[in-house]
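*Asks:* Let me give you the structure first, and then I'll get to my questions.
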Amino acid sequence: MVNDRLHIICGNCGQDLKESGMATWEYVPGIKDEETGETIQSADVFIRCDNCATIHFLKKYMEEYKDG
Ligand SMILES: [Zn+2]
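Just so we're on the same page, this note's numbering is the position in the sequence shown counted from 1, plus 780.
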């Protein structure tokens, strides 16, 4: 087993966003229309850099998850 070597760095100030207390990670649940079941907004995750207050959304880097 190789150690975790993922680095997540703020592109604006260079802060290591995996360092505890230096970033806020939030999961934003998706929104579905209760009647039609249609997805209005898909779920997202963002990381706020607590050094320079930039918010980085991750959804744009992900493939859309498709059922079936
Ligand atoms: Zn930053």
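For every residue, glycine included, the Cβ atom is placed at its ideal position computed from N, Cα and C.
A quick note: this is a predicted structure, and the numbers were derived from the prediction, not measured.
May I ask which residues mark the beginning and end of the beta strand (DSSP E) holding R828?
*Replies:* Taken as a continuous stretch (DSSP letters only), the beta strand (DSSP E) holding R828 covers 824 to 829.
*Asks:* How big is the Cα-Cα spacing for I835 and I827?
*Replies:* C-alpha separation (whole angstroms): 6 Å.
*Asks:* Just reading off the beta strand (DSSP E) that Q821 is part of, what are its end residues?
*Replies:* Segment 819 to 821, the beta strand (DSSP E) holding Q821.
*Asks:* Residues in its own chain within less than 8 Å of L838 by CB, not counting five upstream and five downstream?
*Replies:* For L838, where only same-chain residues beyond five positions count, the Cβ hits under 8 Å are D824, V825, F826, I827.
*Asks:* In the structure shown, what three-state DSSP assignment does K798 receive?
*Replies:* Of the three classes helix, strand and coil, the one that applies to K798 here is coil, per DSSP.
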